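Engineer: Residue numbers (this note's numbering), protein chains in the order written: chain A, 1 to 373; chain B, 1 to 141.
Where a beta carbon is used, it is the ideal one built from N, C-alpha and C, also for glycine.
Every value quoted in this text rests on a predicted model; they were computed, and no experiment measured them.
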């Protein structure tokens with residue numbers, strides 16, 4: 001067994017100062033990857049300003065990453081990186097931007113095609129240094145060992161898993177997440193909650209994953225409602241960034257499960273935003289798993305102050321979701337009874353299901369979906 | 001001391017299991033439905049088995065190649081032969097093996113994960129198969 005956490009995480013009110021002073025990273029030439037929205041909010045200029053304090057002399061910006069990054073985006077970005085020869089690559093954005101940057105760092109270092117590295121353990125060397133600055137508090141991509149890129153031509157997703165994909169540095173600064181609308185802040189926070197809850201009980205869970213998961217769940221119960229209610233609350237926003245980050249460590253060290261399998265199916269088939277899909281199905285999914293996880297939900301309830309039993313934990317999750325501006329039922333995201341069969345079939349084929357602590361067949365998934373309708 | 005002294009023993013044990021699975025009306029059919037071409041690359045002893053579930057043959061629902069072949073696999077799984085032997089006894093968790101580097105899997109992750117539940121019933125068949133071919137001493141108790 002081993003515990004790997006390759007990313008150095010800077011956080012707090014002035015994390016850039018600390019990064020510049022202590023990281024030892026060469027910052028003279030930075031290639032910045034982002035998207036149009038983040039760019040238009042002035043975040044790229046802000047980061048450039050901070051990096052100049054650390055000796056940045058020249059930089060180039062690629063801010064064409066779409067909502068779901070594609071192979072073509074990675075290839076276009078890679079060409080620009082090759083022409084620039086940076087010292088460091090900086091990703092500013094959500095999961096799609098950070099995953100694109102991971103893929104670019106990989107191909108810039110090791111060459112070849114992205115599909116050459118698809119799978120588990122196929123990357124055998126460290127890759128180009130990446131500094132990830134998340135602008136949402138949910139995916140945990142700034143520390144995770146995963147990257148997913150859409151292969152639009154072949155209508156599939158390329159999944160990569162390796163500790164080498166984890167960025168070398170991450171900076172968690174609440175000034176970059178406070179512009180998220182309350183609904184997006186809620187949905188991304190619920191995604192982080194699901195990462196932590198699923199990692200805690202996944203088939204290959206372990207003490208390190210559970211340690212991160214426990215702290216993440218505890219903080220999310222406390223700070224997600226505050227962060228959503230008061231979007232300018234720096235403390236709550238930082239706590240949510242930390243929560244998402246810890247949940248990212250947790251699921252990288254363990255796995256997700258049935259909640260993510262169903263949410264992926266809902267996203268793929270009906271375009272339901274990931275966090276909103278999770279909000280609609282997480283409670284019946286936890287109820288389904290409860291009988292297979294022994295005392296784990298009860299332990300988590302006690303550790304997070306949610307109560308003493310599995311029922312207490314599930315109730316706390318239901319209460320949290322009820323208090324947030326997100327869809328609570330499948331019908332609120334446009335899913336009807338007639339769609340359930342298709343979702344269940346697709347969820348059955350999702351890789352996340354293998355991590356779930358209770359084996360689930362089609363009928364089990366249908367039962368969860370019917371409860372969520 | 002490795003479980004198999006040479007590739008020939010491995011082909012009889014694990015390869016023989018695959019041949020049985022390919023004929024199995026439940027497991028073989030499900031593997032064929034998944035339309036996968038999967039290659040297992042073993043070390044110590046070195047051996048390669050490719051299951052081509054896109055082509056039914058006299059093997060059953062799939063064609064099974066021992067050793068090098070020209071078929072291009074969609075998934076490649078690499079591992080020590082000992083790990084494979086333990087895996088087919090149901091004693092190795094695939095996820096744990098992948099995350100600890102005991103197994104490497106190249107190819108679409110969803111498809112890699114999808115084959116696991118299909119193959120689970122084979123864990124029971126493997127020790128029986130070993131007994132049938134006179135390799136009872138290799139059964140892990």
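Quick check on residue 329 of chain A: buried or exposed, where buried means 16 or more other Cβ atoms within 10 Å of its Cβ?
Structural biologist: As a working note, residue 329 of chain A is residue 329 in the first chain. It is exposed - the Cβ of residue 329 of chain A has fewer than 16 other Cβ atoms within 10 Å.
Engineer: Decide if residue 117 of chain A is buried, meaning its Cβ has at least 16 other Cβ atoms within 10 Å, or exposed.
Structural biologist: In the first chain, counting from the first residue as 1, residue 117 of chain A sits at position 117. That one is buried.
Engineer: For residue 292 of chain A, tell me which candidate among A:272, A:230, A:357 has the shortest Cα-Cα distance.
Structural biologist: Within the first chain, numbered from 1, the residue matching residue 292 of chain A stands at position 292. Minimum Cα distance to residue 292 of chain A is reached at A:357.
Engineer: Compare the C-beta of residue 351 of chain A with all C-beta atoms of chain B and state if any pair is closer than 8 Å.
Structural biologist: Start at 1 with the first residue of the first chain, and residue 351 of chain A comes out as number 351. It does; some Cβ of chain B falls within 8 Å.
Engineer: What's the C-alpha gap between residue 362 of chain A and residue 113 of chain B?
Structural biologist: For the purposes of this step, residue 362 of chain A is taken as the residue at position 362 of the first chain. For the purposes of this step, residue 113 of chain B is taken as the residue at position 113 of the second chain. Cα-Cα distance, rounded: 16 Å.
Engineer: If we cut at 8 Å on Cβ distances, does residue 293 of chain A have a partner in chain B?
Structural biologist: As a working mapping, residue 293 of chain A is identified with position 293 in the first chain. For residue 293 of chain A, the answer is no, since every Cβ of chain B falls outside 8 Å of its Cβ.
Engineer: Could you check whether the Cβ of residue 18 of chain A sits closer than 8 Å to any Cβ belonging to chain B?
Structural biologist: Mapped onto the first chain, residue 18 of chain A falls at position 18. No, residue 18 of chain A lies away from the interface with chain B (no Cβ there is under 8 Å from its Cβ).
Engineer: Which partner residues does residue 70 of chain A have in the DSSP bridge list?
Structural biologist: Taking the first residue of the first chain as position 1, residue 70 of chain A is located at position 70. BP columns for residue 70 of chain A point to A:150.
Engineer: Got a sec: which bits of the stretch 191 to 216 of chain A sit with their beta carbon under 7 Å from any beta carbon on chain B, in order along the chain?
Structural biologist: Hits within the stretch, in order: 203, 204.
Engineer: For the beta strand (DSSP E) containing residue 348 of chain A, list its first residue and its last residue.
Structural biologist: Numbered from its first residue, the first chain carries residue 348 of chain A at position 348. Residue 348 of chain A -> not in any beta strand (DSSP E); alpha helix (DSSP H) instead, spanning 340 to 348.
Engineer: Please classify residue 103 of chain B as buried or exposed, where buried requires at least 16 other C-beta atoms within 10 Å of its C-beta.
Structural biologist: Counting from 1 along the second chain, the entry for residue 103 of chain B is found at position 103. Result: buried.
Engineer: Which full runs of the beta strand (DSSP E) of 3+ residues lie inside the stretch 44 to 93 of chain B, going along the chain?
Structural biologist: Correct list: 47 to 52, 63 to 66, 75 to 80.
Engineer: In the DSSP output, what is residue 29 of chain A paired with across the bridge?
Structural biologist: Taking the first chain and counting its residues from 1, one reaches residue 29 of chain A at position 29. Partner(s): A:58.
Engineer: Per DSSP, residue 39 of chain B is paired with what?
Structural biologist: Residue mapping note: residue 39 of chain B aligns to position 39 of the second chain, counting from 1. In the DSSP output, where bridge partners are listed per residue, residue 39 of chain B has B:50, B:76.
Engineer: Leaving aside the five residues before and after residue 196 of chain A along the sequence, list all residues of the same chain whose C-beta is less than 6 Å from its C-beta, in chain order.
Structural biologist: Taking the first chain and counting its residues from 1, the one referred to as residue 196 of chain A is at position 196. 213, 216, 217, 247, 250, listed in sequence order.
Engineer: I believe residue 141 of chain A touches residue 191 of chain A by the beta-carbon criterion, under 8 Å. Please report the beta-carbon distance rounded to the nearest angstrom.
Structural biologist: For the purposes of this step, residue 141 of chain A is taken as residue 141 along the first chain, with counting starting at 1. For the purposes of this step, residue 191 of chain A is taken as residue 191 along the first chain, with counting starting at 1. About 11 Å; that fails the 8 Å criterion.
Engineer: Taking the C-alpha atoms as reference points, what is the distance between residue 315 of chain A and residue 22 of chain A?
Structural biologist: Against the first chain, residue 315 of chain A aligns to sequence position 315. Against the first chain, residue 22 of chain A aligns to sequence position 22. Taking the straight line joining both Cα atoms gives about 43 Å.
Engineer: Are there 16 or more other CB atoms within 10 angstroms of the CB of residue 285 of chain A, so buried, or fewer, so exposed?
Structural biologist: By one-based count along the first chain, residue 285 of chain A stands at place 285. Buried.
Engineer: With a threshold of 7 Å, establish whether the CB of residue 317 of chain A neighbours any heavy atom of the ligand GTP.
Structural biologist: For the structure depicted, the ligand GTP is absent and the ligand set is empty, with no information on it obtainable.
Engineer: Check each residue of the stretch 86 to 110 of chain B: if its Cβ is closer than 8 Å to any Cβ of chain A, include it; give the result in chain order.
Structural biologist: Within the stretch 86 to 110 of chain B, the residues whose Cβ lies closer than 8 Å to some Cβ of chain A are 93, 94, 95, 96, 98, 99, 100, 101, 103, 104, 105, 106, 107, 108, 109, 110, listed in chain order.
Engineer: In chain order, what residues of the same chain have a beta carbon less than 6 Å from the beta carbon of residue 179 of chain A, not counting five sequence neighbours either side?
Structural biologist: Position 179 of the first chain, counted from the start, is the residue given in the question as residue 179 of chain A. Closer than 6 Å at the Cβ level, and outside the excluded window around residue 179 of chain A, lie 41.
Engineer: Would you say residue 133 of chain B lies against chain A (beta-carbon separation less than 8 Å)?
Structural biologist: Your numbering for residue 133 of chain B matches position 133 in the second chain. Not an interface residue.
Engineer: Drop a sphere of 10 angstroms on the beta-carbon of residue 255 of chain A, count the other beta-carbons inside from all chains shown, and report buried for 16 or more, exposed for fewer.
Structural biologist: Mapped onto the first chain, residue 255 of chain A falls at position 255. Flag for residue 255 of chain A reads buried.
Engineer: Under three-state DSSP, which class holds residue 361 of chain A?
Structural biologist: Reading the first chain from its first residue, position 361 is the one you call residue 361 of chain A. Note: residue 361 of chain A maps to coil in three-state DSSP.
Engineer: Tell me, to the nearest whole angstrom, how far the beta carbon of residue 399 of chain A is from that of residue 9 of chain A; I am working on the premise that it is less than 8 Å.
Structural biologist: With chain A covering 1 to 373 only, the question about residue 399 of chain A has no answer from this structure.
Engineer: Can you tell me which of the three DSSP states residue 309 of chain A falls into?
Structural biologist: Locating residue 309 of chain A in the first chain gives position 309, counting from the first residue. DSSP places residue 309 of chain A in coil when its eight states are reduced to three.
Engineer: Could you pull out every residue in the same chain whose Cβ sits closer than 8 Å to the Cβ of residue 97 of chain B, ignoring the five residues on either side in sequence?
Structural biologist: Translated into the one-based positions of the second chain, residue 97 of chain B becomes position 97. Correct list, in chain order: 79, 83, 87, 103.
Engineer: Opposite residue 120 of chain A in the DSSP bridges: which residues?
Structural biologist: Counted from its first residue, the first chain places residue 120 of chain A at position 120. Paired residue(s): A:161, B:105.
Engineer: Answer yes or no: does any C-beta atom of chain A fall closer than 8 Å to that of residue 112 of chain B?
Structural biologist: Looking up residue 112 of chain B in the second chain gives position 112. Yes, residue 112 of chain B lies at the interface with chain A (some Cβ there is under 8 Å from its Cβ).
Engineer: Is it buried or exposed, residue 331 of chain A, if we count other Cβ atoms within 10 angstroms and call 16 or more buried?
Structural biologist: Here the question's residue 331 of chain A lines up with position 331 in the first chain. Exposed: under 16 other Cβ atoms inside 10 Å.
Engineer: How big is the Cα-Cα spacing for residue 321 of chain A and residue 279 of chain A?
Structural biologist: For this step, residue 321 of chain A is matched to residue 321 along the first chain. For this step, residue 279 of chain A is matched to residue 279 along the first chain. For residue 321 of chain A and residue 279 of chain A, the distance between alpha carbons rounds to 7 Å.
Engineer: What are the boundary residues of the beta strand (DSSP E) that residue 3 of chain B is part of?
Structural biologist: Along the second chain, one-based indexing puts residue 3 of chain B at 3. That residue, residue 3 of chain B, is in no beta strand (DSSP E); it is neither H nor E in DSSP.
Engineer: What distance in whole Å lies between the Cβ atoms of residue 97 of chain A and residue 35 of chain A, which are believed to be in contact at a cut-off of 8 Å?
Structural biologist: Counting from one through the first chain, the residue named residue 35 of chain A turns up at place 35. Counting from one through the first chain, the residue named residue 97 of chain A turns up at place 97. At roughly 6 Å, the Cβ-Cβ gap stays under 8 Å, so residue 35 of chain A and residue 97 of chain A are in contact.
Engineer: Does any residue of chain A have a CB that is nearer than 8 Å to the CB of residue 119 of chain B?
Structural biologist: Within the second chain, residue 119 of chain B is the residue found at index 119, counting from 1. Not closer than 8 Å to any Cβ of chain A, the Cβ of residue 119 of chain B fails to qualify, so no.
Engineer: Ends of the beta strand (DSSP E) at residue 169 of chain A?
Structural biologist: One-based indexing of the first chain puts residue 169 of chain A at position 169. That run of the beta strand (DSSP E) goes 169 to 172.
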